[in-house]
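Number 82 in this note's numbering belongs to position 82 of the sequence shown; there are no gaps in the numbering.
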Amino acid sequence: MKRELISQYRAALSMLRNVVVSCPEILWDNTDNDIAFWQLVYHTLYFTDLYLADNAHRFVRWSRHRQDYQKLGRLPADRTKLTQPIYTKNDLLGYISEIDQLLIHQVKEEGFKGPSGFEWLVMNKLESHLYNIRHLQHHTGQLIERLHQFGVHGIPWIIQFTDGED
Numbered sequence: 001m002k003r004e005l006i007s008q009y010r011a012a013l014s015m016l017r018n019v020v021v022s023c024p025e026i027l028w029d030n031t032d033n034d035i036a037f038w039q040l041v042y043h044t045l046y047f048t049d050l051y052l053a054d055n056a057h058r059f060v061r062w063s064r065h066r067q068d069y070q071k072l073g074r075l076p077a078d079r080t081k082l083t084q085p086i087y088t089k090n091d092l093l094g095y096i097s098e099i100d101q102l103l104i105h106q107v108k109e110e111g112f113k114g115p116s117g118f119e120w121l122v123m124n125k126l127e128s129h130l131y132n133i134r135h136l137q138h139h140t141g142q143l144i145e146r147l148h149q150f151g152v153h154g155i156p157w158i159i160q161f162t163d164g165e166d
C-alpha cells in the first residue's frame, strides 16, 4: 500500500510540475480569476506538504514560506503585502521537488491506522493521505482548466509514477 500511495502522490506532483512548466508568463501573476496562478500553485503545495507531516505541531514550513501566502479566500484589505514578491516558477518547481523527496520518507515511516494528526481532519492517517492526494489533484485540475481557457492544451494525465523506488 505504501508503494502505491507514493506512486500516486508522485504522479499528481508530476502533473502539477507539468502545469507550472506549461504556464505562460503572462498568466503566472494574472488575477482575473481572483487568485493568481502562482498563488493557487503555492496553496496546493503548502497543504500537500502540511498533510504529509506527522501532525500540525511537527510541520516544518518550506524555508521560503511567506506568511499567509498559502491562504485562499478572505484576506486582509492590503493584499499587496501578501502577493509581493511573488514566487517564480523556479521557486515552486523547487518546492515540488522538495515535497517529492519528503513524501517518500513520510509515507514509508508511518502507520496508517492512527489519527490523521490534524484535529480538523477527523480520519485515520491512510484516509488523510487519500484526502491529500485529492486536494492536490483538485487544484491541479483547476489550474489545467485555466491553461485551457488561455489556449494551452496537452497536459498529460499521469497514471502512476514508476522509477524503481520502493
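We put the beta carbon where it would ideally sit given N, CA and C, even for glycine.
**OP:** Measure the CB-CB distance between Asn-47 and Leu-143 and report whether it falls below 8 Å.
**Re:** As a working mapping, residue 47 is identified with position 47 in the sequence shown. As a working mapping, residue 143 is identified with position 143 in the sequence shown. Checking the sequence, you will find Phe at residue 47 rather than Asn. Contact flag unset, no.
Original post:
According to DSSP, is Asn-124 helix, strand or coil?
Top reply: Here residue 124 refers to the residue found at position 124 of the sequence shown. Strand at Asn-124.
**OP:** Under 8 Å Cβ to Cβ from Asp-91, same chain only, skipping five residues before and after it: list those, please.
**Re:** Taking the first residue of the sequence shown as 1, we reach residue 91 at position 91. Same-chain partners within the cutoff: Arg-64.
Subject >> In DSSP terms, what Pro-24 is bridged to >> reply: Along the sequence shown, one-based indexing puts residue 24 at 24. Per DSSP, none; premise fails for Pro-24.
Subject >> Contact set for Met-1: own chain, Cβ-Cβ below 8 Å, skip 5 residues either direction >> reply: If you number the sequence shown from 1, residue 1 lands on position 1. Contacts found: Phe-112 and Leu-126.
**OP:** To the nearest angstrom, report how far apart Lys-71 and Leu-136 are at their CA atoms.
**Re:** The sequence position of residue 71 within the sequence shown is 71, counting from 1. The sequence position of residue 136 within the sequence shown is 136, counting from 1. Approximately 15 Å between the Cα atoms of the pair.
Original post:
Quick one, which of Gln-67, Asp-68 and Leu-50 has its alpha-carbon nearest Asn-60's?
Top reply: Residue 60 sits at position 60 when you count from the first residue of the sequence shown. Note that residue 60 corresponds to Val in the displayed sequence, not to Asn. Of the listed residues, the one whose Cα sits closest to Val-60 is Leu-50.
**OP:** Rounded to whole angstroms, what's the CA-CA distance from Leu-121 to Arg-17? Just pull it up for me.
**Re:** As a working mapping, residue 121 is identified with position 121 in the sequence shown. As a working mapping, residue 17 is identified with position 17 in the sequence shown. Roughly 27 Å separates the two Cα atoms.
**OP:** Report back the beta-carbon spacing between Ile-6 and Val-107 to the nearest angstrom; my notes put them in contact at under 8 Å.
**Re:** Stepping through the sequence shown from its first residue, residue 6 is reached at position 6. Stepping through the sequence shown from its first residue, residue 107 is reached at position 107. The pair is a contact, with the Cβ atoms about 5 Å apart (cut-off 8 Å).
**OP:** Return the residue from the list Leu-27, Leu-13 and Glu-4 that minimises the CA-CA distance to Glu-98.
**Re:** Within the sequence shown, residue 98 is the residue found at index 98, counting from 1. Selected option, being the one with the closest Cα: Leu-13.
Subject >> Residues near Asp-100 by beta carbon distance below 7 Å, same chain, minus five either side >> reply: Working through the sequence shown from its first residue, we reach residue 100 at position 100. Answer for Asp-100: Arg-10 and Leu-13, listed in chain order.
Original post:
What number of angstroms, rounded off, separates the C-alpha of Arg-134 from the C-alpha of Ser-128?
Top reply: Residue numbering aside, residue 134 sits at position 134 when the sequence shown is read from its first letter. Residue numbering aside, residue 128 sits at position 128 when the sequence shown is read from its first letter. So the two alpha carbons sit approximately 10 Å from each other.
Subject >> Burial state of Thr-31, where buried means 16 or more other Cβ atoms lie within 10 Å >> reply: By one-based count along the sequence shown, residue 31 stands at place 31. Flag for Thr-31 reads exposed.
**OP:** Using only alpha-carbon positions, find the residue among Cys-23, Thr-44 and Asp-29 that is nearest to Asn-132.
**Re:** The sequence position of residue 132 within the sequence shown is 132, counting from 1. Ranking the options by Cα distance to Asn-132, first place goes to Thr-44.
**OP:** For Arg-58, count neighbouring C-beta atoms within 10 Å of its own C-beta (all shown protein chains included) and say buried if the count is 16 or more, exposed if not.
**Re:** Taking the sequence shown and counting its residues from 1, one reaches residue 58 at position 58. Exposed: under 16 other Cβ atoms inside 10 Å.
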